[in-house]
Amino acid sequence: MPAVPGRRLLQGSEAIAGAMVGAGCRFFAGYPMTPFTEVLEEMAKKLPAVGGVCMNAESELEAIGMAWGAAATGTPSATGSTGQGLSLMQESLAEITLARIPLVVLNMARAQGDYWQATRGGGHGDYRHLVLAPVDVVEAVELIFRAFHLAATWRNPVVVLGDYYLAHTARAVDPSSWSPEPLPPAEWALTGESGGSGHAKLLSFLGSAKQRDGAGYDLAVHYAACADHTARMLKEVPAQVEVGFIEEADVVVVAFGTPGAYVRAAVRDLRADGVRVGFVRPVTLVPFPAEVVAAAARHVRAVAVFENNTGQMLDDVRLAVLGEAPVEFIGGLSLDPSGFGIAPDLDVAVVRRRILSVVERHT
Amino acid sequence: MTEPVARDVVPTDAPPNAPAELVDDFTPALVDVGLHHLCPGCGEPIAIRSLVEAIAEMMLAQRTVAVFGIGCYTAFSNNLDVEVLQALHGRAPSLATGVKRARPDTVVVTVQGDGDMVSEGLQEVLHAAARGENITCVMLNNGVFGETGGHMTATTVLGQRTKTSLEGRDSVAHGRPILLADLVARLDGAAYVARCAVNSAGQLARTHRLLRRALDTQLAGAGFSFVEVLTMCPTGWFVETADAPQYLEEHLGAVHRAGVLKDVRADAAAEVR
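Next comes the structure, spelled out in structure tokens:
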């Protein structure tokens, strides 16, 4: 294939870092951990060149704290880790959300055990994050741009849930074609300048009403306002989903992220062999494309869910299907002894066999 | 402000025989509302007043971002006319780092207590100091978790009774207190480290000078500045309000000794001379 001008073969981490800088990110803080490490390395290379700051924080706690502080100044900011590191960050993530500060958070996860962490959150209180789950490097670039935009628009953290494959596989992408929409202005951001005006800005997870307004912190009022905002966000942000072969399917398979590519390939092969199967791949995990899953499940004999965990998204699929069809789990924990979630069960032949067994039992 | 008027001393050994009247509003310019719900005799409002007055005097109100920790003093995070970023318990130094690195033109000050900074967040302040982060951290040290009602912190002195050290802090059972200013002063990134108190007018005047010097250190871009202010907590110490200043002197202040522990700019100036 002839070389396309502007197209470059980039490892996922480098493409993601490039897309973040392209999207306007000017502050990044992280603590090394496989398979997230290379994203941090790339940000350390790329950010200073554009006048940004990359901090090699002393722990994940400090990484999220630094990103919180930078984001509070209206600087498009991001942090990340693996699910393990994000566990440490959950307390801060809960409060950043309740302080309504935009932030992009990468989870280069080990296999898919972090679905619940990402979509439910491991922190305290009533809050939700938007969660985007790219299937590959090309889609990750697109979703990184979307993540910064969603975060700034909704003043809410956005999680990009990837994995080892996403961070470490190379794909041809074209950075010269990236033209991000400008981010909305951040009038709420702290700059120091409103001090002494009688109306100095406050950015707090306890609320932004001040004593002078005769109010002060009233957590009931603040939490209710946050809940209303979250409900509106979940209603208005469009769910993104990829579907294939769902017309006249007997079985529909639901999968997200990297395994979604294996399911897509297995379904395509099975269709070529005349087996009536289709797939649904949620791209946004929050908001979950429940309507699309429900519609795809309406006339099938069974719905199958493939994940590299013990069945987490399975809950959301069941909630979407609401008993209209049997929902079966055909995934399982990664068999990779390193714990990074690399093969051997991510194999089109394996996925194909598991889908076929569902088809055989229900037709 | 109205002209000062000499008034009779009101006797306080009996209920007043006349209703209270407002003499003047002494609320500092950068405090929105003078009222607060902290206990009588608390040292924290005095320290915060001194800090915001220093910010006002140095004409920094329009450049300052204060990052508040969690403690009784959090009552002031929504009551100042300077910009405030509310942090989690213990985490203010990393947030302050993010603010300062993203906007180097701001003056960034953390306000934390001993429970916040030393018990929960020790690693945060030590790393910020080691990095030479060009911010000012202010620690209000009363040797007790005041907000939860008088529990032992990492700075509680030996023998001090708290609800979790009922017979007094014991070195074997509870370990020894951390003298944070001494620890911070040992780090190369720390440019200015001082400890002071608010238990007398003289100590308060000194506190005010030290806070100004710390802010000045930040303005000079010299590195990390740290002021530990010993504050009274009669409620958490289980002593009479009027006895608290003296109690501070004899207990907390006898272990956490006041003084300027480090001032690299003064040292450099002395070398030049």
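Sequence order for the protein chains is A and B.
Numbering follows this note's numbering, with no gaps: position 68 of the first sequence is 1279.
Numbering follows this note's numbering, with no gaps: position 157 of the second sequence is 237.
Here a beta-carbon is modelled for each residue, glycine too, at the ideal position from N, C-alpha and C.
Just the Cα atoms here: how many angstroms apart are Ala-1426/A and Val-1538/A?
Start at 1 with the first residue of the first sequence, and residue 1426/A comes out as number 215. Start at 1 with the first residue of the first sequence, and residue 1538/A comes out as number 327. Their Cα atoms are separated by approximately 50 Å.
Between which two residues does the beta strand (DSSP E) containing Lys-1421/A stretch?
Counting from one through the first sequence, the residue named residue 1421/A turns up at place 210. Premise fails: Lys-1421/A is in no beta strand (DSSP E) and is neither H nor E.
Check the Cβ-Cβ distances between Val-162/B and every residue of chain A, and say whether any is below 8 Å.
Along the second sequence, read from residue 1 onward, the residue named residue 162/B stands at position 82. Chain A places a beta carbon closer than 8 Å to that of Val-162/B, counting this residue as a contact.
Compile a chain-ordered list of the residues in the stretch 1284-1308 of chain A whose CB is closer than 7 Å to at least one CB of chain B.
The stretch 1284-1308 of chain A vs chain B, Cβ under 7 Å: Thr-1284, Thr-1286, Glu-1302, Ser-1303 and Glu-1306.
Counting only beta-carbon atoms, is Leu-1557/A nearer than 8 Å to chain B?
Reading the first sequence from its first residue, position 346 is the one you call residue 1557/A. In terms of beta-carbon proximity, Leu-1557/A stays away from the interface with chain B, with every pair separated by 8 Å or more.
Which of the three DSSP states, helix, strand or coil, is assigned to Thr-1364/A?
Residue numbering aside, residue 1364/A sits at position 153 when the first sequence is read from its first letter. Residue state, collapsed to three classes: helix.
In whole angstroms, give me the CA-to-CA distance for Met-1212/A and Val-1494/A.
One-based indexing of the first sequence puts residue 1212/A at position 1. One-based indexing of the first sequence puts residue 1494/A at position 283. Confidence at Met-1212/A is low in this model, with a pLDDT of 47, below 50, so the placement of that residue is unreliable and no value is reported for it.
For the beta strand (DSSP E) holding Arg-1172/A, just list the boundary residues, first then last.
No statement about residue 1172/A is possible, as the shown extent of chain A runs from 1212 to 1574 and does not include it.
Start-end ranges of the beta strand (DSSP E) lying completely within the stretch 282-330 of chain B, minimum 3 residues
The stretch 282-330 of chain B contains, as complete beta strand (DSSP E) runs of 3+ residues, the segments 304-310 (chain order).
Sequence-distant residues of the same chain with beta carbon closer than 6 Å to Ser-1292/A, five excluded per side:
Here residue 1292/A refers to the residue found at position 81 of the first sequence. Apart from the 5 residues on each side of it in sequence, Ser-1292/A sits with its Cβ closer than 6 Å to the Cβ of Met-1244, Phe-1247 and Glu-1271 in its chain, given in chain order.
Measuring straight from C-alpha to C-alpha, what distance separates Thr-1469/A and Asp-185/B?
Residue 1469/A sits at position 258 when you count from the first residue of the first sequence. Residue 185/B sits at position 105 when you count from the first residue of the second sequence. Annotation: Thr-1469/A to Asp-185/B spans about 43 Å, alpha carbon to alpha carbon.
Count the other CB atoms, across all protein chains shown, that sit within 10 Å of the CB of Leu-1414/A; report buried if there are 16 or more and exposed otherwise.
Here residue 1414/A refers to the residue found at position 203 when the first sequence is read from its first residue. Leu-1414/A is buried by the Cβ-count criterion.
Can you tell me which residues form a DSSP beta bridge with Tyr-1434/A?
In the first sequence, residue 1434/A corresponds to position 223, counting from 1. The partner list for Tyr-1434/A (beta bridge, DSSP) is empty, contrary to what the question assumes.
Can you tell me the Cα-Cα spacing of Ala-1260/A and Phe-1238/A, whole angstroms?
On the first sequence, residue 1260/A is found 49 positions in, with the first residue counted as 1. On the first sequence, residue 1238/A is found 27 positions in, with the first residue counted as 1. Whole-angstrom Cα-Cα distance: 12 Å.
Could you pull out every residue in the same chain whose Cβ sits closer than 6 Å to the Cβ of Cys-1236/A, ignoring the five residues on either side in sequence?
Residue mapping note: residue 1236/A aligns to position 25 of the first sequence, counting from 1. Excluding five sequence positions before and after Cys-1236/A, the CB atoms of its chain that fall closer than 6 Å to its own CB belong to Pro-1287 and Ala-1289, given in chain order.
Selection from Thr-244/B, Cys-217/B and Val-352/B that minimises the alpha carbon distance to Phe-225/B:
Taking the first residue of the second sequence as position 1, residue 225/B is located at position 145. Nearest of Thr-244/B, Cys-217/B and Val-352/B to Phe-225/B, Cα basis: Thr-244/B.
Closest Cβ-Cβ distance between Ala-1436/A and chain B: below 8 Å?
Residue mapping note: residue 1436/A aligns to position 225 of the first sequence, counting from 1. No, its Cβ sits nowhere closer than 8 Å to a Cβ of chain B.
Answer yes or no: do Gly-1223/A and Ala-1378/A have a C-beta to C-beta separation smaller than 8 Å?
For the purposes of this step, residue 1223/A is taken as the residue at position 12 of the first sequence. For the purposes of this step, residue 1378/A is taken as the residue at position 167 of the first sequence. Yes, they are a contact pair.
Stretch-stretch touch, CB-based, cutoff 8 Å, three pairs: the stretch 1279-1286 of chain A with the stretch 1511-1523 of chain A:
Output reads no: the stretch 1511-1523 of chain A does not touch the stretch 1279-1286 of chain A.
Within 10 angstroms of its Cβ, does Ala-127/B collect 16 or more other Cβ (buried), or is it exposed?
Taking the second sequence and counting its residues from 1, one reaches residue 127/B at position 47. Ala-127/B comes out buried.
Chain A partners of Asn-214/B, CB-CB under 8 Å?
Here residue 214/B refers to the residue found at position 134 when the second sequence is read from its first residue. Close partners of Asn-214/B in chain A (Cβ separation under 8 Å) are lacking, with about 13 Å as the shortest Cβ gap.
Leaving aside the five residues before and after Val-344/B along the sequence, list all residues of the same chain whose C-beta is less than 6 Å from its C-beta, in chain order.
For the purposes of this step, residue 344/B is taken as the residue at position 264 of the second sequence. The residues are Ala-271.
To which residues of the same chain is His-331/B closer than 7 Å at the C-beta, ignoring the five residues directly before and after it?
The count along the second sequence starts at 1 and reaches residue 331/B at position 251. So the list reads Val-237 and Gln-240, once near-sequence residues are dropped.
List the residues that DSSP assigns as beta-bridge partners of Val-1488/A.
Taking the first residue of the first sequence as position 1, residue 1488/A is located at position 277. Val-1488/A is bridged by DSSP to Val-1462/A.
By DSSP's criteria, Met-219/B is part of a beta bridge. Which residues make up the other side?
Start at 1 with the first residue of the second sequence, and residue 219/B comes out as number 139. Residue pairing by DSSP places Met-219/B opposite Gln-192/B and Glu-308/B in a beta bridge.
Output yes or no for whether 8 Å exceeds the beta carbon distance between Val-1315/A and Val-1369/A.
To locate residue 1315/A, count along the first sequence from 1; it is residue 104. To locate residue 1369/A, count along the first sequence from 1; it is residue 158. The answer is yes: Cβ separation under 8 Å.
So, using beta-carbon positions, are Val-1559/A and Val-1488/A closer together than 8 Å?
What you label residue 1559/A is simply residue 348 of the first sequence in a count that begins at 1. What you label residue 1488/A is simply residue 277 of the first sequence in a count that begins at 1. The answer is no: Cβ separation not under 8 Å.
Leu-110/B at chain A interface by Cβ criterion, 8 Å:
Translated into positions along the second sequence, residue 110/B becomes position 30. By this cut-off, Leu-110/B is an interface position.
With 16 as the cutoff for other CB atoms within 10 Å, does Leu-1220/A come out buried or exposed?
Here residue 1220/A refers to the residue found at position 9 of the first sequence. When all chains shown are included, Leu-1220/A counts as exposed.
Taking Ala-1554/A as the reference, give the member of Ala-1411/A, Ile-1566/A, Asp-1374/A and Ser-1390/A with the closest Cα.
Residue 1554/A sits at position 343 when you count from the first residue of the first sequence. Per the Cα distances, Asp-1374/A.
Any idea what DSSP makes of Val-1562/A, helix, strand or coil?
Mapped onto the first sequence, residue 1562/A falls at position 351. Shown here, Val-1562/A sits in a helix according to DSSP, grouped into three states.
is_contact[Ala-1362/A, chain B] using C-beta, thresh 8 Å
Here residue 1362/A is taken as the residue at index 151 of the first sequence, counted from 1. When Cβ-Cβ separations below 8 Å define contact, Ala-1362/A makes no contact with chain B.
Range of the contiguous alpha helix (DSSP H) that encloses Gly-178/B
By 1-based counting over the second sequence, the position of residue 178/B is 98. First-last of the alpha helix (DSSP H) with Gly-178/B: 172-182.
Any beta carbon of chain B sitting closer than 8 Å to that of Lys-1421/A?
As a position in the first sequence, residue 1421/A is number 210, starting the count at 1. Closer than 8 Å to some Cβ of chain B, the Cβ of Lys-1421/A qualifies, so yes.
With 8 Å as the threshold, decide whether the Cβ of Glu-320/B is near any Cβ in chain A.
Here residue 320/B refers to the residue found at position 240 when the second sequence is read from its first residue. Taking Cβ atoms only, chain A never reaches closer than 8 Å to Glu-320/B, which makes this a no.
Rounded C-beta distance between Thr-287/B and Val-309/B? I'm assuming under 8 Å.
Taking the first residue of the second sequence as 1, we reach residue 287/B at position 207. Taking the first residue of the second sequence as 1, we reach residue 309/B at position 229. Contact flag correct, Cβ pair sits at about 6 Å.
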